[in-house]
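I have placed the structure first, in the form of structure tokens, so that the comments after it can refer back to it.
In UniProt numbering, the protein residues as written are 1 to 206.
And the structure:
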């Protein structure tokens with residue numbers, strides 16, 4: 001097993017030293033079998049390579065006790081961490097994974113930490129549908145998932161969307177819906193265009 005410590009840079013220097021001592025104790029004072037179990041317990045996988053792991057130190061912080069500059073820094077760190085997790089998830093969803101016992105494939109596999117069951121989600125790519133302006137302000141299905149042990153609870157549209165002007169046929173590429181709204185100008189008809197009031201819901205189907 002390859003062990004890396006590059007994720008420790010997120011912590012303060014004092015915590016780096018403390019964690020280095022913990023790692024040293026694990027390396028020297030524990031029998032090999034117990035050492036491996038301890039390393040697995042106090043580390044997490046990096047990316048999709050399950051054999052490459054990193055050690056992370058976490059500290060619960062009271063935001064009220066921080067100065068304004070520290071609050072901004074903490075918020076930025078949390079935002080960056082969230083972005084990294086979303087990017088990793090996005091890359092994983094582009095890949096397919098074989099399910100055990102020949103039960104097909106899935107785009108996302110999540111192992112339960114309590115029961116060790118592997119739950120899966122498959123994007124049914126043949127279910128993609130465009131949102132139609134004829135049924136604007138109505139709920140319209142745009143994609144289906146085959147979920148086994150997982151249940152999606154929220155939808156974040158983010159980037160990469162495509163829209164076509166109703167009257168002009170103008171194509172707007174790579175639309176950014178981070179803020180769940182978008183505006184532009186259609187030069188062919190000399191009118192502004194926009195997307196707003198985005199809502200989403202998940203419905204169980206048979």
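Think of the CB as a built atom: it goes at the ideal place given N, C-alpha and C, for glycine as much as any other residue.
#1: Counting along the chain, where does the beta strand (DSSP E) carrying residue 207 start and finish?
#2: Counting Cβ pairs closer than 8 Å, one from the segment 137-148 and one from the segment 114-123, do we hit at least three?
#3: So what's residue 114 in DSSP terms, helix, strand or just coil?
#4: In terms of alpha-carbon separation, which member of 178, 137, 109 and 150 lies closest to residue 159?
#5: Just the C-alpha distance for residue 181 and residue 157, rounded to the nearest angstrom, thanks.
#6: Consult DSSP for residue 7 and reduce its assignment to one of helix, strand or coil.
#7: Using DSSP bridges, identify the partner residues of residue 172.
#8: Specify the secondary structure class of residue 99 as computed by DSSP and reduced to three states.
#9: Apart from the five residues just before and just after residue 173, which ones in its own chain have a Cβ nearer than 7 Å to its Cβ?
#10: Sort 155, 188 and 149 by Cα distance to residue 283 and report the nearest one.
#11: So what does DSSP say about residue 193, is it helix, strand or coil?
#12: With burial defined as no fewer than 16 other Cβ atoms inside 10 Å of the residue's Cβ, what is the status of residue 183: buried or exposed?
#13: What are the boundary residues of the beta strand (DSSP E) that includes residue 148?
#14: Report buried or exposed for residue 58, applying the criterion of at least 16 other Cβ atoms within 10 angstroms of its Cβ.
#15: Roughly how many whole angstroms lie between the Cα atoms of residue 76 and residue 113?
#16: In or out: residue 106 buried (at least 16 other Cβ within 10 Å) or exposed?
#17: Spatial neighbours of residue 171 within its chain, please: CB distance less than 6 Å, with the 5 preceding and 5 following residues excluded, ordered by chain position.
#18: Could you say which of 141, 200, 68 and 189 lies nearest to residue 126 if we only look at CA atoms?
Quick look at the numbers:
#1: For residue 207 there is no data in the structure shown, the boundaries of the chain being 1 and 206.
#2: yes
#3: coil
#4: 178
#5: 10 Å
#6: The predicted position of residue 7 is uncertain, since its pLDDT is 44 and thus under 50; no value can be drawn from it.
#7: 163
#8: coil
#9: 162
#10: This structure cannot speak to residue 283, because the chain is shown only from 1 to 206.
#11: strand
#12: exposed
#13: First-last of the beta strand (DSSP E) with residue 148: 144-148.
#14: Note on residue 58: pLDDT 48, under 50, position unreliable in the model; the coordinate value appears next. Residue 58 comes out exposed.
#15: Their Cα atoms are separated by approximately 29 Å.
#16: buried
#17: 164
#18: Comparing Cα-Cα distances from residue 126 to each of 141, 200, 68 and 189, the minimum goes to 141.
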